[in-house]
Structures are given as structure tokens and as C-alpha cells.
Amino acid sequence: MRAYFYHILVKYWGGVPLITKSFGLKDKDMLLPRASFEDCIKQIVTDCDSAANLLPETQTGANKGRATKYAAMALKSRMLLYAASDLFNRPGTTNPSFGYVGGDRVARWTAARDAAKAIIDANKFDLYKPTANPVENYTRIFMDKDNIEAIFVKYFHKELLGTDHDKFNGPNGYHNWGGNVPIENFVEGYQMADGTPFDRSNPTHAAKPYENRDPRFYATILYDGAPWKKRASDGIDLDPVGKIQTGRYEVWNAARGAVEVRNGLDTRQSPLENWNGTYTGYYLRKFMDITLDAQFFKGDKPWQFFRYAETVLNYAEACIALGQEDEARTYINKVRTRAGMPALLATVTGQALIDMYRYERRYELAFEEHRYFDARRWLMATTWFTGPAKAIDVYAKLGADHVTQTFTYTVIANDVQMRTFLDKHYLLPLQSDEMRRDTLLKQNPGYIN
67 MRAYFYHILV
77 KYWGGVPLIT
87 KSFGLKDKDM
97 LLPRASFEDC
107 IKQIVTDCDS
117 AANLLPETQT
127 GANKGRATKY
137 AAMALKSRML
147 LYAASDLFNR
157 PGTTNPSFGY
167 VGGDRVARWT
177 AARDAAKAII
187 DANKFDLYKP
197 TANPVENYTR
207 IFMDKDNIEA
217 IFVKYFHKEL
227 LGTDHDKFNG
237 PNGYHNWGGN
247 VPIENFVEGY
257 QMADGTPFDR
267 SNPTHAAKPY
277 ENRDPRFYAT
287 ILYDGAPWKK
297 RASDGIDLDP
307 VGKIQTGRYE
317 VWNAARGAVE
327 VRNGLDTRQS
337 PLENWNGTYT
347 GYYLRKFMDI
357 TLDAQFFKGD
367 KPWQFFRYAE
377 TVLNYAEACI
387 ALGQEDEART
397 YINKVRTRAG
407 MPALLATVTG
417 QALIDMYRYE
427 RRYELAFEEH
437 RYFDARRWLM
447 ATTWFTGPAK
457 AIDVYAKLGA
467 DHVTQTFTYT
477 VIANDVQMRT
487 FLDKHYLLPL
497 QSDEMRRDTL
507 LKQNPGYIN
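Counting from 67, one number per residue, gives the positions in the sequence shown under the working numbering.
Structure follows, in C-alpha cells:
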């Protein structure tokens with residue numbers, strides 16, 4: 067647990083004070099300066115190794131859900147990958163709390179590679195593939211308890227302390243709260259099913275943007291027209307099929323002899339609930355239990371802190387950094403083909419291979435709390451996280467037959483949220499109250515000490 071909590075601190079702030087003993091009320095040495103980033107990593111790795119030697123390979127009975135040998139190994143793999151990355155190896159770093167000051171970076175990548183490979187070589191886990199349907203397979207990674215991909219998870223019990231994830235994030239037309247919604251920037255990034263980029267300037271893509279995409283798109287995103295579950299009693303007459311409605315639709319009112327425009331049931335102008343609709347035109351599908359009536363009941367699907375796909379990708383990234391591109395491509399392709407995407411060819415090398423790896427990490431691990439840290443450790447956040455968060459406006463125009471609808475999809479770029487990521491944001495500021503408590507602390511660069 068000490069290793070886990072320190073890994074959280076280090077990936078946000080860099081080096082922090084290392085506390086490895088308990089203090090008494092009369093101790094005078096409780097105020098400590100920040101340790102070097104390198105020493106923090108060494109402590110985390112030491113704790114992970116010690117835990118892995120002491121913990122069982124599996125936990126059962128009353129201990130189910132507690133950390134295992136492989137949970138400790140997975141934490142070590144993640145931390146060593148972060149430590150080898152660009153953020154903590156910036157040229158010219160002179161303060162050891164902010165990252166490494168010199169040293170052998172090849173050795174760091176080698177340690178990250180070997181830590182991931184140790185889990186792979188244990189042959190205890192695999193990429194979960196229970197069916198021949200890639201959309202179903204990706205969905206069930208997060209639905210099926212104790213599947214072969216899960217390394218360390220948090221369990222929930224419906225009757226004791228279930229999860230409200232589905233209620234907090236589901237569509238408002240199902241009386242859910244629409245809390246975390248994907249943005250158009252993210253949706254546009256999904257490749258086509260053949261592995262080529264989605265291009266809104268392509269008329270075919272623009273006319274039917276939700277067709278023939280990476281199968282993970284359909285298991286991750288609820289978009290206008292996406293099949294979902296049966297509506298509640300106050301909505302089933304308006305939508306007997308159960309499809310997501312985030313657009314505006316022209317319909318023919320025969321009694322009035324006129325065209326009317328109706329807002330979708332899952333918009334912020336919904337006739338069912340209008341306070342909790344999406345601002346972007348999308349909802350989250352990933353992690354959502356289609357069998358659960360989240361308006362009234364809690365869920366029990368586990369949250370995966372570590373799963374095998376992350377380990378495979380960790381290994382691939384370290385291999386790329388070490389120039390072992392064939393090995394990296396092999397393991398990237400394990401993840402891609404499980405998802406139903408075409409394997410990368412041997413001609414994908416250099417920066418193209420890095421870009422494809424980053425694509426896989428973005429969409430395979432979407433919404434699993436990796437993207438923010440990946441963008442920072444690759445020093446890409448100032449580019450990726452600066453600019454508008456985009457939305458989609460869906461409008462269905464009625465044809466002359468009063469039945470046929472033609473859909474148009476307009477990207478909204480300036481009305482959702484503007485975002486700015488500055489160079490100083492690569493490390494978070496130490497909170498002022500912590501610095502008042504411990505006068506030996508030094509602030510991260512770019513912030514007031």
C-alpha cells in the first residue's frame with residue numbers, strides 16, 4: 067500500500083518526502099525535504115518487490131480483493147515505465163526532485179521492459195476473448211468478474227456498497243446523470259475498421275461517422291442512434307426500440323399538416339429530464355451494465371486497477387524505446403487483433419510505430435485513468451490538452467415523403483469548453499497548506515514557492 071500511494075504522489079508531483087517509519091508526538095524530525103525522484107522510484111520498486119515475495123498469487127475467501135503477488139508486479143511495471151518516460155528524463159534537469167539528473171536511461175527502459183515481461187512470462191493472465199465478436203469481447207472485460215485479464219480489481223456488493231457508476235454517467239433519457247461524457251475530439255480519433263484514419267473531410271465518413279469504426283468505439287461510446295436498453299415507463303412510448311437520442315429530428319405532424327422539430331430524449335432539451343443531458347452529444351458506454359436499471363439499483367461490476375492489456379502495452383512501449391521494434395509490434399498486434407483491428411505490418415516503424423502504439427494505449431485503455439498521465443509523461447499535453455473541447459450537433463431533416471430522414475453532423479468547436487495546458491502543468495503545484503506545515507518543501511517550477 068505504501069508503494070501504491072507513493073506511486074500516486076510521484077506521478078503527480080515528482081519527488082516527495084519519503085516516510086518509511088512511524089513518528090511519535092515528541093519526534094523532532096517530522097519535517098523532511100523532498101526526496102529525489104530517483105530515491106522515490108527505488109523505494110516504490112523495493113516495496114513492490116518485497117510485497118511480491120510475501121503475497122500469494124491469488125486471494126480467496128475473506129481475502130478476495132486484497133493485493134496479490136501480481137498486483138505488486140503490475141504496480142512495479144507501471145511505475146518503472148513512468149520513470150523511464152520523457153517527463154522525468156528532461157535534458158537540463160538540475161533539481162533531483164523533478165526527475166532524473168543524468169544516469170543511464172537505457173537501463174531505465176530495460177528495467178521497465180523486464181518488469182512487464184515478468185508478468186507476461188508468468189502465464190497467469192491473457193487478453194480476454196470469450197466470443198468471436200470483438201465488440202462483445204471488449205465490453206465483457208469490464209462486466210465478467212474474475213476474467214483472465216484482471217490482475218487487481220476493486221469489488222462491489224450490490225446490497226452492501228454497490229457502485230453508482232451507471233447512474234452517475236448514463237444518459238439522462240434513462241433518468242441517469244450524464245456525468246462523464248466523451249468529447250468529439252476523442253470520438254474523431256477512432257480509426258476506421260480497416261485501420262485507416264477517420265477523416266471528416268471525407269464525404270463518406272462525414273455522412274455516416276458512426277459506421278465501420280474500430281470495434282472498441284461501439285463498446286465505449288453511446289452516440290446518436292446507438293442501440294441501448296429499454297426505456298423507463300415514461301419514455302418507452304416515445305422510444306419503443308431503445309436507441310440513444312442526442313440529436314434534433316424533423317417529424318411530420320399529420321394533424322397540423324406541418325413539420326415539427328423534436329429534441330432527442332437524451333439531450334438537454336429532453337421531455338423526460340432536461341438538467342442532466344450531455345453537452346457533447348455523447349455518453350459513456352464502457353463499464354456500463356446494460357442489464358441494470360441504474361435509476362433505482364446499484365451495480366456490482368468491479369473496477370480494474372490493473373489489467374493484462376496495460377502490461378502488454380507497457381512491454382511494447384519499453385521495447386520501442388530500446389529499438390526492439392519487431393517485438394513491440396508483435397505485442398501491440400496482440401491487443402489490436404483482440405479488438406478486431408488489423409495487425410500492424412512490418413513496414414510500420416519509427417515514428418509511425420510510436421504513433422500507432424499511442425493510438426492503442428489511448429483507445430484500449432480509454433477512461434481507465436491513463437490518458438492524462440500518458441500525455442504528461444510523453445510531454446505531449448501542451449499540444450493535446452490545449453484548445454477547445456468539441457461537441458457534435460446531430461440534425462435529421464425530413465424528406466418529401468414525410469418519412470425519410472437525412473442526417474447531418476456538425477462539429478461544434480467553441481461552445482463547450484476551452485482548455486489550456488502550460489508547461490508548468492507537467493508537475494502539479496505543492497499545496498500551500500502542505501508547504502506551510504513543512505517549511506523544508508520546495509515548490510515545483512512555475513509556481514509561487
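Ideal Cβ placement from N, Cα and C applies to all residues, glycine included.
In this text the structure is predicted, and so the values were computed from the model without any measurement.
State yes or no: is the C-beta of residue i within less than 9 Å of the C-beta of residue j?
i: Tyr-78; j: Gln-109; result: no
i: Tyr-204; j: Lys-211; result: no
i: Ile-107; j: Leu-146; result: yes
i: Arg-351; j: Thr-344; result: no
i: Val-401; j: Leu-419; result: no
i: Asp-489; j: Gly-465; result: no
i: Glu-215; j: Phe-191; result: yes
i: Lys-92; j: Gly-228; result: no
i: Gly-347; j: Ala-457; result: yes
i: Val-201; j: Tyr-284; result: yes
i: Asp-230; j: Asp-355; result: no
i: Gly-169; j: Glu-225; result: no
i: Ala-101; j: Pro-83; result: yes
i: Pro-248; j: Ile-287; result: yes
i: Ala-150; j: Ala-394; result: no
i: Tyr-349; j: Ala-298; result: no
i: Arg-516; j: Tyr-148; result: This structure cannot speak to residue 516, because the chain is shown only from 67 to 515.
i: Lys-135; j: Asn-119; result: yes
i: Trp-243; j: Val-469; result: no
i: Leu-445; j: Leu-98; result: no
By DSSP's criteria, residue i is part of a beta bridge. Which residues make up the other side?
i: Phe-218; result: Phe-372
i: Pro-454; result: Met-484
i: Ala-324; result: Asn-319
i: Gly-365; result: Thr-229
i: Arg-314; result: Asn-329 and Tyr-461
i: His-223; result: Leu-227
i: Ile-287; result: Leu-350
i: Pro-293; result: Lys-309
i: Met-258; result: Arg-279
Drop a sphere of 10 angstroms on the beta-carbon of residue i, count the other beta-carbons inside from all chains shown, and report buried for 16 or more, exposed for fewer.
i: Gly-389; result: exposed
i: Asn-129; result: exposed
i: Asn-246; result: exposed
i: Tyr-438; result: exposed
i: Gln-361; result: exposed
i: Ile-398; result: buried
i: Arg-156; result: exposed
i: Arg-266; result: exposed
i: Asn-268; result: exposed
i: Ser-163; result: buried
i: Trp-341; result: exposed
i: Val-307; result: exposed
i: Thr-86; result: exposed
i: Asn-510; result: buried
i: Asn-189; result: exposed
i: Val-327; result: exposed
Is the shortest distance between the beta-carbon of residue i and the beta-carbons of chain D less than 9 Å?
i: Arg-437; result: Structure shown: chain D not included; a single protein chain is present.
What first and last residue would you give for the beta strand (DSSP E) that runs through residue i?
i: Met-484; result: 471-485
Which stretch, first to last residue, makes up the alpha helix (DSSP H) that contains residue i?
i: Gly-416; result: 416-430
i: Asn-203; result: 200-206
i: Lys-142; result: 135-150
i: Val-172; result: 171-187
i: Met-501; result: 498-503
i: Tyr-72; result: 68-79
i: Thr-396; result: 391-404
i: His-271; result: 269-273
i: Asp-440; result: 437-443
i: Lys-490; result: Run containing Lys-490: none; DSSP gives neither H nor E here.
i: Asn-119; result: 103-120
i: Asn-251; result: 250-254
Given 8 Å as the limit, tell me if residue i has its C-beta closer than that to any heavy atom belonging to the ligand ADP.
i: Thr-449; result: By its list of ligands, the structure shown contains no ligand whatsoever, and the ligand ADP lies outside what it can speak to.
Check: Are at least three pairs of beta-carbons, each pair with one atom in the region 404-415 and one in the region 263-283, less than 8 Å apart?
Finding: yes
Notebook entry, point to check: Should the region 308-327 be regarded as contacting the region 448-463, the criterion being three or more beta carbon pairs within less than 8 Å?
Noted result: yes
Next item on the list: Answer yes if the region 369-376 comes into contact with the region 219-237, meaning at least three C-beta pairs across the two stretches below 8 Å, and no otherwise.
Entry: yes
Check: Touch check for the region 474-492 and the region 444-461: three-plus C-beta pairs under 8 Å?
Finding: yes
Next item on the list: Evaluate the contact criterion for the region 252-260 versus the region 172-179: three or more CB pairs, one atom per stretch, below 8 Å.
Entry: no
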